[in-house]
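A quick write-up on the structure given underneath.
2 protein chains.
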Amino acid sequence: MNQVLYVYSFNDGNKSMKSLLGSKGANLAEMARIGLPVPPGFIVSTEACNLYLEKSEGLWPELKEEILNSLKHLEAQTGRTFGGRSPLLLSVRSGAVISMPGMMDTVLNLGLNPATVEALAAETGNRRFALDCYRRFIQMFADVVLKVGHHHFENVLTAARKQKKVKSDAELDDSDLEMIVTEYTNIVRKEKGSDFPLEPLDQLFLAVEAVFSSWNTERAQVYRQAHRIADSLGTAVNVQAMVFGNLGEDSGTGVAFTRNPSTGEAKLYGEYLLNAQGEDVVAGTRTPRPLEELKEDMPAIYDQFLHICAVLENEYREMQDIEFTIERRKLYMLQTRAGKRTAPAAVRIAVDLVHEGLITKDEALLKVDPDQLEQLLHRRIDPKAKLEAITDGLPASPGAASGQVVFDADRAQELAKAGKKVLLVRPETTPDDIHGIIAAQGILTSRGGMTSHAAVVARGMGKPCVCGCEELHIDLGKKVFFIRGEQFAEGTILSIDGSTGRVFRGEVPLIDPEFSPEYYELVGWADQVRRLKVRANADNPEDARLAVEMGAQGIGLCRTEHMFMAADRVPVVQKMILAPNLVEREAALAELLPMQQADFKGIFREMVGFPVTVRLLDPPLHEFLPDRDELLIEVYRLRCENDPDGSLREKESLLQKINAISEFNPMLGHRGCRLGLVYPEIYRMQVRAVFQALFDLIDEGQDAGKLLPEIMIPLVGHRTEIKAMKRLVDDTATAVFAERGKKIEYLVGTMIELPRACLVAGQLAEVAAFFSFGTNDLTQTTLGYSRDDSESKFLPFYLQHKILEVNPFAEFDREGVGRLVKLAVEEGRGARNNLKVGVCGEHGGDPASIMFFDRIGLDYVSCSPYRLPIARLAAARAALGG
Amino acid sequence: MNQVLYVYSFNDGNKSMKSLLGSKGANLAEMARIGLPVPPGFIVSTEACNLYLEKSEGLWPELKEEILNSLKHLEAQTGRTFGGRSPLLLSVRSGAVISMPGMMDTVLNLGLNPATVEALAAETGNRRFALDCYRRFIQMFADVVLKVGHHHFENVLTAARKQKKVKSDAELDDSDLEMIVTEYTNIVRKEKGSDFPLEPLDQLFLAVEAVFSSWNTERAQVYRQAHRIADSLGTAVNVQAMVFGNLGEDSGTGVAFTRNPSTGEAKLYGEYLLNAQGEDVVAGTRTPRPLEELKEDMPAIYDQFLHICAVLENEYREMQDIEFTIERRKLYMLQTRAGKRTAPAAVRIAVDLVHEGLITKDEALLKVDPDQLEQLLHRRIDPKAKLEAITDGLPASPGAASGQVVFDADRAQELAKAGKKVLLVRPETTPDDIHGIIAAQGILTSRGGMTSHAAVVARGMGKPCVCGCEELHIDLGKKVFFIRGEQFAEGTILSIDGSTGRVFRGEVPLIDPEFSPEYYELVGWADQVRRLKVRANADNPEDARLAVEMGAQGIGLCRTEHMFMAADRVPVVQKMILAPNLVEREAALAELLPMQQADFKGIFREMVGFPVTVRLLDPPLHEFLPDRDELLIEVYRLRCENDPDGSLREKESLLQKINAISEFNPMLGHRGCRLGLVYPEIYRMQVRAVFQALFDLIDEGQDAGKLLPEIMIPLVGHRTEIKAMKRLVDDTATAVFAERGKKIEYLVGTMIELPRACLVAGQLAEVAAFFSFGTNDLTQTTLGYSRDDSESKFLPFYLQHKILEVNPFAEFDREGVGRLVKLAVEEGRGARNNLKVGVCGEHGGDPASIMFFDRIGLDYVSCSPYRLPIARLAAARAALGG
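Residue numbers (numbering that gives the first Met the number 0), protein chains in the order written: chain A, 0 to 881; chain B, 0 to 881.
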C-alpha cells in the first residue's frame with residue numbers, strides 16, 4: 000500500500016484535525032476514537048479538494064488509487080463488497096472545515112444498480128426496502144451529482160401516490176417502486192442525454208468530484224461571503240458504510256440537540272422518524288416525532304442515546320447537534336457538531352456550562368459570538384397586546400417579524416433590495432432559498448419540524464421562524480395561500496412570533512427587549528476581562544440614559560447638530576445660516592443658545608461621573624436649508640405666473656443663497672472646524688451652551704468634579720486649525736467661568752477623520768488632549784468612497800465580485816485605514832504621553848474591528864447604545880486574544 | 000561703551016549679514032567696506048525688531064542707549080551735531096532681509112525743527128533749501144510715522160502752487176514754504192490732536208518704532224503672503240547721515256539699473272533729477288531724465304558712476320539696482336541691491352553673466368526663478384495686426400494686457416474676484432495699491448518713469464505696465480478719464496502693450512510667444528543638469544506637438560474623457576451611458592471606438608519615441624449628461640402644460656436616469672476604475688482604440704519599437720482592482736494582437752490618487768509597472784478638500800487667516816500628502832525594483848513641489864505643456880540642491 004497522502008481512515012483522525020478532514024470527518028473520527036458506535040468509513044481530505052480545484056483536471060490517478068485502497072479496507076471492515084453480492088453501500092457527504100449549507104452535502108445508498116439492488120433484496124429479505132433505497136439513491140445522486148432538479152422526481156412520486164390513492168411513500172409497494180425506478184432512470188436519460196451511471200466506482204468518483212465542485216457554486220460562495228468564511232479552506236468528502244433507518248419499524252433515524260437551541264435550556268431536544276432515512280427528517284417532508292417518544296418505542300436505545308449525548312457534551316464541552324440512525328434496534332452515530340443556537344440560547348448555554356464546571360468563564364466569553372448578541376436586542380411582541388393568532392406552528396426561532404408574504408427567494412431578495420420588509424412563506428426551505436432567508440424579516444413554513452432546514456438556518460441567523468404550520472396551505476401556482484380556509488394573496492402583511500409559533504394578521508405592537516440573568520452574568524464577566532472601555536454615541540437625554548443602562552462608561556460622541564434638526568429649531572437655524580451679517584447671525588444664535596443649553600443639561604445630568612464628548616457643529620450648513628429642487632421649481636412657477644403673491648423676490652434670494660452655499664462634494668466641503676473658523680460665533684455659542692448647562696447642574700447641587708466635559712473639534716487636518724479652535728474654546732470657557740466665578744475642568748480634543756490628521760498626529764497631539772477616530776469619515780476619505788453614494792452604487796458590485804471581501808463601512812479596513820490609525824496613535828502618544836484615544840465611528844460596535852482597536856492600544860470604543868453589549872463582549876474576547 | 004547687542008555701524012558689517020542687518024543695511028556696509036562713497040550711518044538690527052514686536056513695550060532703555068552711542072559716533076564721524084547748530088540730519092529707512100514694498104521705507108531730513116532749520120539755513124546760506132527740507136520732513140514723517148495721510152499735505156502744496164500760479168514746487172519761494180510749514184504743523188495738530196514732535200531724539204525713536212511696527216501692517220502681510228516670505232524675519236532700521244540732492248542745480252538724485260531690467264540688455268539704465276530728493280524720482284511726481292544726460296551735465300560724476308556700477312556688478316556678480324545722490328558735485332551711493340527684472344531680462348542677464356565669466360552655468364540656473372519663466376509664455380500683440388494706438392507712454396514692463404479700466408485698487412480686487420479682467424489706471428501707484436496691482440491684468444499710469452513704483456512692482460510680478468502716459472488725464476472724482484481730449488468712462492476696455500508703451504481701444508489680437516536664444520541656452524543647461532524627466536499632460540495631437548516643442552520627454556497624462564467631450568461625441572456618449580442594457584451600450588461604444596482610435600493615432604504620431612500614458616475613463620458618468628436643473632424645470636413645465644408635445648415621458652425617464660446616476664459626492668463616487676469594473680466594456684473599447692491606433696501607425700510605416708504606450712488605471716485603492724483591470728487590458732491587447740498577428744510592448748500601471756493606494760503601494764506595485772501620483776485628487780482626499788468647493792469657500796479665508804501658509808492645490812503639501820507619496824514610492828519600489836514613478840497632478844509644474852519630488856526620487860514630473868520650461872529649470876535647480 001502506498002503512503003497516505005489525501006485519504007484518511009476514521010481510525011487515523013480526531014477532532015483536532017478539522018482543517019484537514021473537515022468538521023464532519025474529524026468529529027466522526029473522534030467519535031470512533033472514543034468508542035461510540037460509528038459506521039466505518041474514510042475521508043478524502045480538504046487538501047485533495049484544493050488541489051482538485053487548482054488543477055481543474057478531474058481526479059488524478061494517485062488519488063483514485065488511494066480511494067480504492069481505502070475502499071478495500073472498508074470492505075474488509077464490513078465484510079461486504081462494493082458492487083458485489085453482499086453489497087457494500089456508501090453514504091457520501093461533503094464536510095467543510097466550518098459547516099455550511101449550500102454545498103453538495105449528502106448522497107446515500109451509493110453503490111446500487113440493477114444487480115446490487117437485487118442482491119440487497121435477497122440479503123435483507125426485503126425487496127421493498129431495497130427498491131426504496133435504489134429510488135432514493137437515484138433521486139439524490141441525480142439531484143446533487145448530475146444536477147437534475149429534484150422536482151422531476153417529486154412529480155413522479157406524487158403521481159404514483161395519487162394513482163395509488165395513498166398519502167405517504169411508505170404505502171407504495173414493490174411494483175410501484177419498480178415503476179418509479181424505471182421512470183427515474185428515464186428522467187435522467189432525458190435530462191442528461193446519457194444513462195444513469197451503473198458502475199459503483201463511477202458513482203463514487205463522480206460523487207467525490209461533485210462534492211469538490213460544490214465548494215465553488217454560487218450558493219456556497221454567497222454563504223461564505225455572508226459568514227466571512229475564507230475561500231481557501233476547501234471541503235473534505237466523507238465516505239461511510241451505509242446503515243439503514245428504513246429497514247422497517249425497528250429502524251429509524253433522527254437528529255437531536257443536547258440542549259434547547261432556541262432557549263438554551265439544558266434539556267435534550269430532538270426528533271426522529273421510524274422507517275426513514277436521514278433526509279426525511281431534515282428536509283421537512285414528513286413531520287417527525289419528538290425524541291421523548293423514543294423512550295416508549297425503544298427504551299434501551301433511548302437510554303443509550305442519552306448516555307452518548309452526555310459523553311459528547313463532556314468530550315466537546317459544548318452543546319452538540321447530533322444525527323443518528325437505528326438499524327434493526329442498533330444505534331449508530333452519524334454526525335456530531337457544535338449546535339447552532341439563538342443568541343439567548345448561546346448566552347444561557349455558555350453560562351450554564353460554566354456553572355456545570357465544564358468550561359471556564361473565559362471560555363464562555365469566547366463561546367458567544369458578539370455579533371449574535373444583537374438578537375438579544377430584538378423587540379418582541381407586546382404581551383399586553385390583545386392579539387388573536389390566525390394560526391400557529393412550531394416556535395422554531397424566537398423573535399417577532401412582520402412583512403409582506405412572498406413565496407420565493409428571488410422575489411424576497413428583490414423586494415428587500417427595494418426596501419420592503421418581507422416574510423418568506425414556503426412549504427419548506429432548501430439551501431437554494433438561502434438568499435431569500437437572508438433578505439426576509441422572518442420565515443414561515445407549512446411543513447418541517449424544529450430541526451428542519453428553515454429552522455436551523457433561521458436560528459443561525461437570529462431570524463424569527465415558525466415551522467410546520469399545518470393549517471397553512473400554499474398554492475405556488477396561483478400565488479395565494481389559505482389559512483383555515485381563508486384565502487390570502489401574496490403580498491398580504493402577516494406577523495409571526497418565533498418564540499410561541501403564533502401567526503397574526505398585519506403588523507403587531509412590539510416592546511423593548513428584556514435581558515436574562517445569564518446575560519447579565521456573562522457581560523459581567525466580560526467587564527472584568529476587557530481592557531478597552533466602552534462608550535456610547537448619544538445625542539439626547541433618552542439615549543444617554545439607555546447608554547448607561549447598556550453599560551456605557553461615557554458618551555464618546557454627542558453630535559450637536561442633531562439638536563439643530565428638531566422641527567421647532569430648524570427655522571431659527573435657517574435664520575442663523577441665512578443671516579446677511581454677523582449681527583443678525585448672532586441674534587439667531589442667541590435664540591439657539593438656551594435650547595442647546597437645555598439639551599446639554601439633560602445629557603450631562605444622565606452622565607454624572609462619566610465623560611461626555613461633545614462634538615461641535617460638523618455638517619455643511621446647507622443640510623439645514625430647504626430642499627433646493629422644490630425651491631427651483633417654485634421660483635420657476637412664480638416667474639411663469641408673474642409672481643402672484645409677491646413672494647418671488649424672497650424665494651429667488653433664498654435660492655441664490657442656497658446655491659451659494661451648495662457644494663459639489665459637501666463631504667469634502669465647508670464643514671467641521673472649517674465652519675468653526677469662518678463662523679466662530681457658532682462654535683462660541685455651542686461651547687457657551689455646554690458650560691452654562693454645567694453651571695445649571697452645579698446650581699442644582701451636582702458635584703462639579705463629577706461633570707466631565709470633553710469638547711471635540713471635528714475635521715481637523717492642520718495644527719493651525721486645532722490651535723485656533725482650542726483658543727476659541729478656552730476663551731469662551733474663561734468668559735463663562737468669569738461670569739460664574741468658578742471653574743470646571745474640561746478637555747479639548749479633536750476628531751480624526753482625515754488622512755492628513757493621522758499623518759500629522761504628533762503635531763495635533765501637542766494641542767489636543769484626546770483623539771477620537773471618526774472611522775466612518777476616515778474610511779470615506781482614505782478609500783475615496785462617499786458612503787451615501789457607494790453603498791447604493793458600486794459597493795454591492797464590489798462585494799458580489801470579491802473586489803472587496805467585506806464592506807469597509809461595516810468592518811474596519813485594517814490594511815489601509817488601520818495603518819493610518821495605528822500611526823496616528825503611535826505618533827500622538829509620542830507627542831503626549833497621556834493622550835486619550837478612542838473610536839466613535841460605527842466600527843466601534845463591530846467585533847472584528849474592536850479586536851483591531853484593542854490590539855493597537857486604543858483607550859475606548861464608542862458605539863450606538865444598542866451595540867454596547869456586543870462591544871463589551873467583543874472587547875473581552877479581544878483581551879482574551881480571540 | 001557697552002557691548003554692541005542690537006546696533007551696528009556700517010563699518011561693522013558686510014553683504015553676508017543680511018539676516019541680521021537687513022538687505023539694505025548689509026549692502027550699505029559692503030559698499031563702505033569696499034571703499035565706495037557712502038554717507039556714514041548705523042543699523043538697528045532685525046533682532047531688535049523681533050524683540051520689539053515680541054515685547055510690545057516700546058523701545059527698551061538698553062536699546063535706546065545703544066542708539067544714542069551710535070549717534071554720538073556718527074556725530075564724531077560727520078563733525079555735526081544732532082539737533083545742534085551745525086545740525087546733523089538723518090535719513091531713516093526700513094531694511095528687511097528680503098526687500099519688500101508695503102513697509103515704512105523712508106523718512107528723510109530727520110532732526111529738523113524750528114531751531115535746526117534756521118541753523119541749516121545759516122550754514123548752507125540757502126534758506127529756501129532748508130525750508131524745503133523741513134517741509135519734506137514734516138510731510139514724510141507725518142505720513143509714515145504719524146499716519147497722517149499725505150493727501151492733506153498735497154492739497155496744501157497744490158493750493159500754494161495755484162495761488163502762486165506756478166507749475167512746480169521748485170518755483171515756490173521762502174515765504175511760500177514758511178506758510179506751508181505752518182499749515183503742515185496745523186494739519187498734524189488737527190489730525191493727531193497733538194503737536195508735531197520737535198525734539199530730534201523723539202523724532203528718531205518714533206521713526207525707529209514706526210519702522211518696526213510697519214513689519215506687521217496688513218499691506219506688508221499681504222505682500223509677504225504673495226511672495227512667501229516668512230513672518231519671522233523682521234526688519235532692520237538704517238540710520239544714515241543725510242546728503243542733499245536738493246541743494247541746487249549742482250545737486251541731484253537718481254536711480255539706475257546696471258542692465259536693462261526689461262530686456263536684460265547689458266546697458267546702464269537709469270534716471271535722475273537735479274535739485275531733488277530721492278522720493279521725487281521714485282514716487283513718479285516729476286518725470287525724470289534719462290541717465291545718459293548726466294554725461295552732459297556732470298561728465299566726471301557720470302564716469303565715476305559708471306565705474307562704481309562695474310565695481311558693484313563684479314562684487315555682487317549680479318545686475319544691481321542703485322540709488323545715488325549728488326550733493327554739490329559729490330557723488331554718494333545710497334543703496335545697491337539685486338535689481339528686479341522681467342523674465343526675459345532674468346534669462347538674458349543670467350546667460351550673459353556666464354558668457355562674461357562672472358558666474359558658472361549652475362549659478363545661472365539658480366539665478367532665474369522658475370516661476371518667473373511663465374512670463375516668457377505670455378502672449379503678445381500680433382505685430383501684423385493693423386492697430387492704431389490712442390496714446391502711448393513708457394514701456395515699463397513688457398507683455399500685453401486688456402481689461403476694463405478701474406481707478407482704485409479695492410475696486411480692481413473686487414472685480415477680479417468676480418472673474419473680470421481689469422486694467423488698473425492711476426495717476427501714479429503707491430504701496431497702498433499693491434492688492435490692486437496683484438488683481439489687475441496690467442497697469443497704466445499717467446505720471447512716473449521707468450523706475451516708478453508701478454514700473455518696478457509690475458516688472459517684479461511680470462505684469463504688463465505702461466507708465467508716464469502724459470496724454471492721459473484722470474478725474475478720480477468724476478470717475479472718467481481723458482485721452483487727447485476724448486472722454487472715457489471707468490469700465491471702458493483698453494489694451495496696453497508694455498513692450499512698446501502703446502495704448503489701444505478695446506481688446507487686441509494676441510499671438511504665441513517666441514523664445515530668445517538665451518532661453519534655449521539656459522534650458523539646455525538645465526537639461527544637462529537635471530535628474531528628473533519632464534513629461535506633459537496632453538489630450539490631443541495639438542497639445543502633444545506643443546509638448547514636444549516645449550521639451551517634453553513623453554506624455555504623463557492623456558485624459559481620455561476629454562475625447563468624449565467634443566460636441567459631436569456627447570450624444571453618442573450619452574447614448575452609451577443611458578443604454579438600458581449591455582447590447583445597446585456596446586452598440587454606442589462601437590460608435591465611439593473609431594473616434595477615440597483616431598484621437599490616439601494623432602497623439603501617438605506626435606510622440607514617436609516617447610512614452611504616452613493613457614488614462615482610461617475617470618470622471619463620474621453624469622458629467623456627460625444634460626444639466627439636471629434645466630431638465631427638472633422642463634419636466635415640471637411639461638406636466639403643468641399637460642405634455643403639449645408628447646415628450647414628457649421621455650424627459651421624465653431621462654431625469655430619472657440622471658437622478659439614479661447623480662451622486663452626493665461625485666469626487667468620492669462611481670468613477671475611475673470603479674466604472675471600469677462595473678462597465679468593463681467601456682475600458683475594453685478604450686484599450687482596443689489605443690492598440691488599433693498603434694497598428695494603424697505601424698501600417699503607415701512607424702517602427703513598432705518606438706511606440707511606447709502606458710495604460711493607466713485611475714482611482715485604484717485595492718490590489719483586487721488593479722489585478723482585475725490589468726487582466727482586462729491584457730486580454731484586450733491579446734485579442735487585438737491575435738487579430739493583427741503581431742505584438743506591441745506596453746505597460747499597465749496605476750494612478751495613485753487615494754490615501755489607501757499609498758498605504759498598500761507594495762501590493763499594487765506587484766501588479767502595476769508604474770505609479771503616477773495624481774496629486775490633485777490625492778490632495779483632495781488626504782486633506783478632505785473638495786477643490787471645486789474649497790477654492791471658492793473656505794480656502795481664501797484659510798489663506799488670509801494663515802490657517803494655511805499656501806494653497807495646497809498650488810504648492811504640494813509635503814508634510815501630509817508628501818508623507819504618503821514618500822511612503823508609496825519606498826514601498827512600491829520595495830516590491831518592484833524598476834517601478835516607474837511620476838507625478839501628473841498640477842504640482843508637476845510647481846517649482847517648490849518639484850524640489851520635493853526630486854528629493855524623494857521620482858522618475859518624472861508631468862505638467863501642462865506651457866509649464867514645461869518651468870519644470871525643466873526647476874528640476875535642474877532641484878538637482879543643484881537649491
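Positions of the beta carbon are idealized from the N, C-alpha and C atoms, including for glycine.
Being a predicted model, the structure only gives us computed values, none of them experimental.
Against chain B, the CB of leucine 581/A has no partner CB under 8 Å away; the residue lies outside that interface.
For phenylalanine 694/A, the three-state secondary structure derived from DSSP is helix.
The stretch 213-224 of chain A makes no contact with the stretch 148-155 of chain A, as fewer than three CB pairs between them are under 8 Å. Contact with chain A is found for arginine 673/B, since one of that chain's Cβ atoms lies less than 8 Å from the residue's Cβ.
In the structure shown, tyrosine 678/A adopts coil according to DSSP, grouped into three states. Within the same chain, Cβ atoms closer than 7 Å to the Cβ of lysine 725/A are found at Val747, Val766, the five residues on either side in sequence being excluded. Taken in chain order, the whole beta strand (DSSP E) runs of length 3 or more contained in the stretch 347-420 of chain B are 393-396, 399-405.
Take leucine 20/B, set aside five residues on each side of it, and the residues of its chain with a beta-carbon closer than 8 Å to its own are Tyr7, Gly12, Ala28, Ile42, Ser44, Thr45, Gly94, Ala235, in chain order.
Closest in C-alpha terms to glutamate 322/B, from the list Leu803/B, Met666/B, Met850/B, Gln334/B, comes Gln334/B. Contact annotation: in the stretch 778-794 of chain B, residues whose CB is within less than 8 Å of a CB in chain A are Gln779, Thr780, Thr781, Leu782, Gly783, Tyr784, Ser785, Asp787, Asp788, Ser789, Lys792, Phe793.
Within chain B, the C-beta atoms nearer than 8 Å to that of leucine 714/A come from Gly783, in chain order. Close partners of threonine 719/B in chain A (Cβ separation under 8 Å): Lys801, Ile802, Leu803. Contact between the stretch 364-373 of chain B and the stretch 471-478 of chain B is not established, with fewer than three Cβ pairs separated by less than 8 Å.
If you check each beta-carbon in the stretch 609-642 of chain A against every beta-carbon of chain B, the ones closer than 7 Å belong to Asp628, Leu631, Ile632, Tyr635.
The straight-line gap separating the alpha-carbon atoms of methionine 549/A and asparagine 641/B is approximately 57 Å.
From the listed residues Ala566/A, Ala551/A, Ser661/A, the smallest Cα separation to proline 868/A is found for Ala551/A.
Put simply, of Gly716/B, Leu819/B, Pro846/B, Arg866/B the residue whose alpha carbon is nearest the alpha carbon of leucine 803/A is Gly716/B.
The continuous beta strand (DSSP E) containing tyrosine 331/B extends over residues 329-337. Between arginine 718/B and valine 759/B, the alpha-carbon positions lie close to 8 Å from each other. Judged by DSSP secondary structure, cysteine 557/A falls within the beta strand (DSSP E) whose first and last residues are 554-558. Of all residues in the stretch 646-674 of chain B, only Glu662, Phe663, Asn664, Pro665, Met666, Leu667, Gly668, His669, Arg673 come within less than 7 Å of chain A when Cβ atoms are compared, listed by chain position. Distance from the CA of glutamine 162/A to the CA of aspartate 172/A, rounded to the nearest whole angstrom, comes to 13 Å. Not a single CB atom of chain B sits nearer than 8 Å to the CB of glycine 441/A. Taking a cut-off of 8 Å for Cβ pairs, the stretch 786-793 of chain B and the stretch 657-671 of chain A touch, as three or more such pairs fall below it. Taking a Cβ-Cβ threshold of 7 Å, the residues of chain B close to arginine 755/A are Thr781, Leu782, Gly815, in chain order. With fewer than 16 other Cβ atoms from the protein chains shown falling within 10 Å of its own Cβ, asparagine 313/B counts as exposed.
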